[in-house]
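Under the working numbering, the very last position in the sequence shown is 469; numbers go up by exactly one each time. The beta carbon of each residue, even a glycine, is placed where N, CA and C say it ideally should be. Remember, it's a predicted structure, so these values are computed and weren't measured experimentally. Input: a single structure, listed below in structure tokens.
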Amino acid sequence: MNAVLATDSPSKSSFNIITIIILEGKVLSEDFRAKVNSRIFQLRDSQNKLVYQRLQETFTGFLGYTFWRDLSSTFEIGNHVRDYDHVEEDLTLPNPCYEEDLLRINGPLLTVPWKEDQSPWEILIVQNYRERNDESGKDQTALIVRTHHCLMDGYSIVECWEILSGCGRITMPQMKIERSPWDKLMLLCKGPFDAADALLNSLDGQRCLQLHDRQRYFVTVSTPDFSISSVKKIKNKFGVSYSAVVFAAFTGGLLRVMKEAGKPIPDQLATYMAWPKPNHPGRASNHAICVVCNWRVKSGSAVQRLVEISREMEALRYSSLPLVLDMFLLGYSFLPRRLVGFLFTKLTLTGGSILASSFPVSDKIFHFDEVKVRSTITSISTLGDKIGISLAVAGSSGKTRLVVTIDKRLLPREDLQRKLGGYIMDEIDNYLREAENRNYGTN
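Dropping the structure here:
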């Protein structure tokens, strides 16, 4: 996967992940920096090798190919773990700052370029964070963790936090699909047909939700935190998947803002979803592929849309497409970086409109030492020329939220940008009401 995520130079590449961690207490910068250094960069495995050596490396091009470049001789922890110091007009934070301020700077921060001589990751410490309507005056801290996606995926970020926070292992579900050798052979045989079907599905042609250049002008929209128990209640009542609940809620919310914006309403949207592979190796790594799925937009009801989207997503579990795409990614790793970028953009990301990722949330309470994690806000940027919308579903401590990153050219009206998060929550509330009123079987 790294081969397709690092086809540009760090100074031009903008496929990043941001996780904002809100802590219910004060964290001193020097103390935090020292703990990152001792707990992460001094950690060694059974062979006495640094576990997170990758965080002292960057990617570079040589003779047309992508390689990892070791920067350990010049590595300085202070360059990466520091107080928030962006002073650009669209990145400044007021004193005190609130969640809406963090969301405002989140979009532009996703596209800030990396320095060529530093590993592409950073943790920015915001000391003046406050919660609205909180009159306790309690000190709080926000940690803005930004990393280029080529360094690590969501599972690696969670594992790194486990080690850094000192809170112990957080049990996360792993994808496990047991297949016999015969099943794998049959999947390979039907691979060309599934790949052709996926190619056709990706050509949704929704130009009103697509871009045609690499420039991005992101704004970030977020729902408030909501409990994973409510999502599971909907999931079990309607016999759908966890991710489908949140993705269908987004689709319903998007439908409403498109109507208000006077945009044409598509029948469905081709969406590229991050698909985790079994047996994640841990450390700083990427262990996922990108598969395409059509999400129904026009439907008889919100619940019908939910069921149809879940059915499309469930079909991927029995498709050869993940296996075929995994082989494609392996092949990409042997090609020159420019050719990889061209093929991935023009072949794999043919014509979809949305990039989506859903990460499982644990009921366990997250901490940094003794300081409780109040909330987490995770967002991702987009890939390719056409996709201008990304979704990230993640959370902590039994709560999750959906964060939408959208190029403002696709939704220029600021009032509709603000409404989108509320409309998504309206969809979830509607599912809960329907779950109470209708007699569906459970999973």
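Residue i (DSSP reduced to helix, strand or coil)
{"i": "serine 384", "result": "strand"}
{"i": "alanine 461", "result": "helix"}
{"i": "isoleucine 43", "result": "strand"}
{"i": "cysteine 186", "result": "helix"}
{"i": "alanine 275", "result": "helix"}
{"i": "phenylalanine 394", "result": "strand"}
{"i": "valine 350", "result": "helix"}
{"i": "glutamate 161", "result": "coil"}
{"i": "isoleucine 254", "result": "helix"}
{"i": "lysine 425", "result": "strand"}
{"i": "glycine 467", "result": "Any reading at glycine 467 must be qualified, since the residue scores a pLDDT of 49, below 50, and its modelled position is unreliable; no value is offered."}
{"i": "phenylalanine 85", "result": "strand"}
{"i": "phenylalanine 360", "result": "coil"}
{"i": "threonine 101", "result": "The residue asked about is misnamed: residue 101 is phenylalanine in this sequence, not threonine. Here phenylalanine 101 sits in coil by DSSP."}
{"i": "serine 325", "result": "coil"}
{"i": "serine 267", "result": "coil"}
{"i": "arginine 282", "result": "helix"}
{"i": "serine 379", "result": "coil"}
{"i": "proline 302", "result": "strand"}
{"i": "isoleucine 335", "result": "helix"}
{"i": "alanine 418", "result": "strand"}
{"i": "phenylalanine 93", "result": "strand"}
{"i": "alanine 310", "result": "coil"}
{"i": "glutamine 236", "result": "strand"}
{"i": "valine 138", "result": "coil"}
{"i": "leucine 171", "result": "It is valine, not leucine, that sits at residue 171 in the sequence shown. Three-state DSSP puts valine 171 in a strand."}
{"i": "aspartate 109", "result": "strand"}
{"i": "leucine 177", "result": "coil"}
{"i": "leucine 150", "result": "strand"}
{"i": "serine 405", "result": "strand"}
{"i": "isoleucine 66", "result": "coil"}
{"i": "aspartate 34", "result": "coil"}
{"i": "isoleucine 315", "result": "strand"}
{"i": "leucine 437", "result": "coil"}
{"i": "lysine 261", "result": "helix"}
{"i": "asparagine 144", "result": "As written in the sequence, residue 144 is glutamine, which differs from the asparagine given in the question. Looking at glutamine 144 - three-state DSSP - the assignment turns out to be coil, as it is neither helix nor strand."}
Residue i vs residue j beta-carbon contact at 8 Å
{"i": "tryptophan 147", "j": "arginine 172", "result": "yes"}
{"i": "serine 311", "j": "serine 267", "result": "no"}
{"i": "tryptophan 491", "j": "phenylalanine 88", "result": "Not covered by the structure: residue 491. The range shown for the chain is 27 to 469."}
{"i": "isoleucine 47", "j": "isoleucine 406", "result": "no"}
{"i": "threonine 426", "j": "valine 257", "result": "yes"}
{"i": "glutamate 50", "j": "glutamine 166", "result": "yes"}
{"i": "glutamate 102", "j": "serine 145", "result": "no"}
{"i": "leucine 190", "j": "arginine 65", "result": "yes"}
{"i": "alanine 382", "j": "phenylalanine 244", "result": "no"}
{"i": "valine 318", "j": "valine 430", "result": "no"}
{"i": "tyrosine 124", "j": "valine 152", "result": "no"}
{"i": "proline 36", "j": "glutamate 161", "result": "no"}
{"i": "glycine 378", "j": "alanine 328", "result": "no"}
{"i": "cysteine 215", "j": "proline 290", "result": "no"}
{"i": "glutamine 156", "j": "proline 207", "result": "The sequence given here places arginine at residue 156; glutamine does not occur at that position. No. Outside cutoff."}
{"i": "proline 292", "j": "valine 323", "result": "yes"}
{"i": "isoleucine 254", "j": "valine 62", "result": "no"}
Cβ shell of residue i (< 7 Å), same chain only, five flanking positions each side left out
{"i": "alanine 314", "result": "Met27, Asp179, Ala300, Trp301, Pro302 and Lys303"}
{"i": "lysine 445", "result": "Val283"}
{"i": "cysteine 193", "result": "Phe392 and His393"}
{"i": "glutamate 340", "result": "Ser267"}
{"i": "serine 70", "result": "The identity of residue 70 in the sequence shown is arginine, whereas the question assumes serine. Counting only Cβ-Cβ distances below 7 Å, and skipping sequence neighbours, we find Leu76 and Val77."}
{"i": "proline 120", "result": "Asp127"}
Own chain residues within Cβ distance below 8 Å of residue i, not counting five before or after
{"i": "glutamate 462", "result": "none"}
Residues bridged to residue i (per DSSP)
{"i": "arginine 242", "result": "Answer is none; arginine 242 lacks a bridge partner."}
{"i": "asparagine 320", "result": "Ala296"}
{"i": "arginine 80", "result": "DSSP lists no partner for arginine 80."}
{"i": "tyrosine 155", "result": "Cys123 and Gln166"}
{"i": "valine 399", "result": "Leu49"}
{"i": "aspartate 57", "result": "In the DSSP output, where bridge partners are listed per residue, aspartate 57 has none listed."}
{"i": "glutamate 340", "result": "None, per the DSSP bridge assignment."}
{"i": "valine 247", "result": "Val430"}
{"i": "isoleucine 131", "result": "According to DSSP, which records beta bridges pairwise, isoleucine 131 is partnered with nothing at all."}
{"i": "isoleucine 413", "result": "Gln236"}
{"i": "isoleucine 450", "result": "In the DSSP output, where bridge partners are listed per residue, isoleucine 450 has none listed."}
Close-in-space but distant-in-sequence residues of the same chain around residue i (CB under 6 Å, 5 per side omitted)
{"i": "serine 422", "result": "Phe392, Val399 and Thr402"}
{"i": "isoleucine 415", "result": "Ile380 and Ile432"}
{"i": "methionine 451", "result": "Thr249"}
{"i": "asparagine 469", "result": "Its pLDDT being 45, under 50, asparagine 469 is placed unreliably in this model, and the value from its coordinates should be taken loosely. Cβ neighbours of asparagine 469 beyond the five flanking positions: Asn262 and Gly265."}
{"i": "aspartate 251", "result": "Ser401, Lys425 and Arg427"}
{"i": "isoleucine 170", "result": "Ile46 and Leu150"}
{"i": "tyrosine 457", "result": "Ile260"}
{"i": "glycine 90", "result": "Pro362"}
request  = Evaluate the contact criterion for the stretch 276-296 versus the stretch 325-339: three or more CB pairs, one atom per stretch, below 8 Å.
outcome  = yes
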